[in-house]
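Please read the structure below before turning to the comments.
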Amino acid sequence: MDACAGYMHIYFSYIYGGANRFFETVSTPTQLHFYKQKHKYRELEIAVDEIGLTEPYRFLKNFDDTDSLELIAWTQDEAIDYVDTPDTPIGEGYVKLKEITDGSGICRPVDDLLYGRIAIDAGLRENRNIVTIPFVRAVCRTRITMIPQTVEDQVVEEGGTTRAASSIIPSPEDFKFHLYGTRSGVDYNNKANADEVVLEPQCYYEESTGNVLTPWFGSFSSEGKYLKVNVFIRDEQVASFDCAPIELTSVPGNFIDLVIDGHYVKPVMQVRVNGWKVATIESNM
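The numbering of the sequence shown is the numbering used here, which starts it at 147 and goes up by one.
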């Protein structure tokens, strides 16, 4: 019977956010680690063309692939540090957002990170196993749009007359968005956990619309928690709002709208910006 090894068939569910919806497929290789009595005995990197919704990844079982096993899998991403130290508990700290500068807490963008974990009874070596790893989408996508229309300053001339100074449009470098409430890892139950980090996506100017935008960036969120965003212009905080957690399970390609004071609005903010005297900033968000 030792010569008649069974096959292990590995499927990935591609279910994200706990919703019963299928992700199309992954666009990166998938890491798959095997544990027996909390000891890792195999690491696999499964190529994109070996992953499908209907065809499993197959391999012949060896003498380690028996009895109680635990499988942990995640998709690859250059913006992720894959932590694998002997003292790291299983399911904690295997993937962490990569910081732009060590110690800064500001992390690189993440696209779609899928994570899965399952414990199985593999039986004997000659048994065939069909395993479906329940993948969840560990990050959401967030896009922030702020359209500075006019920044005007009143100039007092001789004789007491006033006139409006020339309009000043803040450049993308003047805007900063700090996102709080994100977590650097996923726990045993596929929920965001571990240390809190601060994300600072870079802004850019979209010439076709005149908008100052932030690019897509991934963010872990603790279940039921709001993601808090602070907006700065030239290091002066000008707005603060929450991203409702219900939006975090939006379908891929959707983004989170800004929530200002609990409403979707187009505010007009009067703020004091360092070095700009007193100015009025009219903004569509």
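C-beta atoms are modelled at their ideal positions from N, C-alpha and C, and glycine is treated no differently.
Buried is the label assigned to Y261, since at least 16 other Cβ atoms lie within 10 Å of its Cβ. According to DSSP, R263 shares a beta bridge with I218. Counting along the chain, the unbroken beta strand (DSSP E) around V277 starts and ends at N275 to I279. In the same chain as K186, and ignoring 5 residues on each side of it, the C-beta atoms closer than 6 angstroms to its own belong to H179, in chain order.
Short of 8 angstroms from the beta carbon of R204, and not among the five residues preceding or following it, lie these beta carbons of its own chain, in chain order: Y153, M154, H155 and I156. Excluding residues up to 5 positions away in sequence, H155 lie with their Cβ nearer than 6 angstroms to the Cβ of I276 in the same chain. Judged by DSSP in its simplified three-state form, D341 adopts strand. Note on geometry: alpha-carbon atoms of A219 and Q177 lie some 5 angstroms from one another. Each of S354, E342, D267 and Y350 was checked against the Cα of D210, and the nearest Cα belongs to D267. Per DSSP, reduced to three states, the secondary structure at E319 is helical.
Distance check between E382 and each of V344, F323 and S354 places F323 closest, using alpha-carbon atoms only. In this structure, DSSP gives E272 a state outside helix and strand, which the three-state scheme calls coil. The DSSP-derived three-state label of E346 is coil.
Scanning its chain for C-beta atoms nearer than 7 angstroms, with the 5 sequence neighbours on each side dropped, one finds around I192 the residues P175, T176, L178 and Y203, in chain order. In this structure, V344 is the residue among T360, Y351, V344 and L217 with its C-alpha nearest to the C-alpha of K374.
With contacts defined as CB atoms closer than 9 angstroms, F158 and T278 qualify as a contacting pair. Cα atoms of Q222 and A340: separation of roughly 20 angstroms, rounded to the nearest angstrom. Within the model, the alpha-carbon separation for S386 versus Q348 is close to 17 angstroms. DSSP places Q177 in the uninterrupted beta strand (DSSP E) bounded by T176 to K182.
Listed in chain order, the non-local C-beta contacts of S214 below 8 angstroms within the same chain comprise K182, Q183, A265, I266, D267 and A268, local neighbours out to five positions each way being set aside. Here E245 carries a strand assignment [DSSP, helix/strand/coil]. For the 9 angstroms CB-CB criterion, F281 and F321 do not form a contact.
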